[in-house]
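Numbering (the working numbering), first residue to last: 1 to 463.
Here it is, written out as structure tokens:
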């Protein structure tokens, strides 16, 4: 009996030890999950702001400070468009690419066709792709529209070649879901040392598969799917390089980061996101330089990791309150203390600890006011000051941008920038369905193997 009792006690102790180890493992798993979520949000969350208004500039002051005459800004600017190739309508897309010198793009599209034919031949037909889009939108995707609409809404993207596919996918979604696609004009900013042929070739591939995204010329026919990069005189009378792919609908704008010395002061606190230091990511700071010379006085800016489900024309028509010329969406699940050091005077003078950060992945900006209020110079001052004494805890290009524009920011409806798709696996379906712009901020981009919410992305992509 003594031996049996000892054995029973040993078994009981073993059970206690087993359950203790199991509970410890569960606790470590929960703590690890919390830490992982904090690390992801630490990298990806972005910010927002309250509505504090400085004294507004009068229209005549804006024009005087911008250095651009009111007559020039008001006058319609006619863009040169390449003449149609006489045999363009007889050529396949691969032939057009090859004839235009886009051999690499042609080969890539040809291989893409072969892969899709192997796995799902139906996807080779543009009507099938349009049917996929139709499941997510009530917009008719195949009706032609004119390139000659008045009062255009200029939509801006900035990307290096590694994310061209994402950029054109987002652009595709914007056209498909607009009730007035004829008003949309796209300024696609690319690195100045990269041949624009690759980007134009990709756009042509999308036009082949989604014919409803290209506008028609004044004659009623689709203009030639070619790109034309020449030195043209802009509205300021200066001669600068400008590129148009197929029509005035797609304006390719080169960005040379070497022209801006301030970028040498930029640093990253995120060891695993060094791509954020690429020069084109800072193009948003210089949109007045890049677009005002071409008569673009107001722009809608989108990050490439977005899908548009609403009508961007409505966003472009946003009316600014006095003193405001930048409009974006706030992200209040983290406040300014998460991003900025409130021991620094410039931070304490500008915002409060309870203010919400503004996400600069989707916004509207009045470029005339931006230039008149010398935002470029203000951002440069902040970047240089941060190099001497740390002002923001996180971020690379957005922190200086948001801090400089804080007192000029107007908040948008949250549906214009539904964030967290790049890391939060538990977003409600109702929130995603009702979002006007879905934003994959975070590392789990929808074009990656491990990406999230791919079903929201794929209807507008060719991959």
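We put the CB at the ideal spot given by N, CA and C, even for glycine. From a predicted model like this one, the values you see are computed outputs, not experimental measurements.
Which of helix, strand or coil DSSP assigns to residue i
i           : result
residue 164 : helix
residue 386 : helix
residue 54  : No answer about residue 54 holds up, because its pLDDT of 38 lies below 50 and its placement is not dependable.
residue 172 : helix
residue 187 : strand
residue 147 : coil
residue 410 : strand
residue 447 : coil
residue 67  : For residue 67, the predicted model reports a pLDDT of 40, less than 50, meaning its position is unreliable and no value from the coordinates is stated.
residue 242 : strand
residue 302 : strand
residue 216 : strand
residue 436 : coil
residue 307 : strand
residue 340 : strand
residue 280 : helix
residue 419 : coil
residue 377 : helix
residue 6   : helix
residue 288 : helix
residue 18  : helix
residue 372 : helix
residue 319 : coil
residue 452 : coil
residue 193 : coil
residue 23  : helix
Contact test: residue i Cβ vs the ligand MG heavy atom, cutoff 6 Å
i           : result
residue 344 : Among the components of this structure there are no ligands whatsoever, and the ligand MG is therefore not found.
CB contact flag (residue i, residue j, <7 Å)
i           : j           : result
residue 382 : residue 400 : yes
residue 179 : residue 311 : yes
residue 303 : residue 395 : no
residue 446 : residue 436 : no
residue 418 : residue 441 : no
residue 182 : residue 157 : no
residue 261 : residue 370 : no
residue 316 : residue 300 : yes
residue 460 : residue 159 : no
residue 327 : residue 254 : no
residue 307 : residue 403 : no
residue 359 : residue 331 : yes
residue 292 : residue 367 : yes
residue 309 : residue 177 : yes
residue 414 : residue 329 : yes
Contact belief for residue i with residue j at Cβ below 8 Å, rounded distance in angstroms
i           : j           : result
residue 376 : residue 286 : 6 Å
residue 147 : residue 200 : That belief does not hold up - the Cβ atoms of residue 147 and residue 200 are roughly 16 Å apart, past 8 Å.
residue 154 : residue 298 : 7 Å
residue 465 : residue 365 : The structure shown does not extend to residue 465, since the chain is modelled only from 1 through 463, so no value can be given for it.
residue 344 : residue 391 : 5 Å
residue 384 : residue 341 : At roughly 16 Å, the Cβ-Cβ gap does not stay under 8 Å, so residue 384 and residue 341 are not in contact.
residue 296 : residue 187 : 7 Å
residue 252 : residue 161 : The Cβ separation is near 12 Å, so there is no contact.
residue 423 : residue 443 : 7 Å
residue 363 : residue 334 : Going by Cβ atoms, the distance from residue 363 to residue 334 rounds to 18 Å, so no, they are not a contact pair.
Proximity test, Cβ basis, 7 Å: residue i and chain D
i           : result
residue 449 : The structure shown has no chain D; it contains just one protein chain.
Range covered by the beta strand (DSSP E) that runs through residue i
i           : result
residue 155 : 153 to 158
residue 361 : 356 to 366
residue 332 : 326 to 335
Continuous alpha helix (DSSP H) stretch holding residue i: start and end
i           : result
residue 253 : Segment 250 to 255 is the beta strand (DSSP E) holding residue 253; no alpha helix (DSSP H) there.
residue 462 : Neither: residue 462 is in no alpha helix (DSSP H) and is coded neither H nor E.
residue 426 : Where residue 426 is concerned, there is no enclosing alpha helix (DSSP H), given that its DSSP letter is neither H nor E.
residue 206 : 197 to 209
residue 345 : 345 to 350
residue 315 : 312 to 316
residue 178 : Premise fails: residue 178 is in no alpha helix (DSSP H) and is neither H nor E.
residue 404 : 398 to 405
residue 394 : Segment: none, residue 394 is in no alpha helix (DSSP H) and carries neither H nor E.
Does the region 168 to 179 come close enough to the region 203 to 210 that 3 or more CB-CB pairs lie under 8 Å? yes
Any 3 or more C-beta pairs closer than 8 Å across the region 428 to 435 and the region 340 to 359: no
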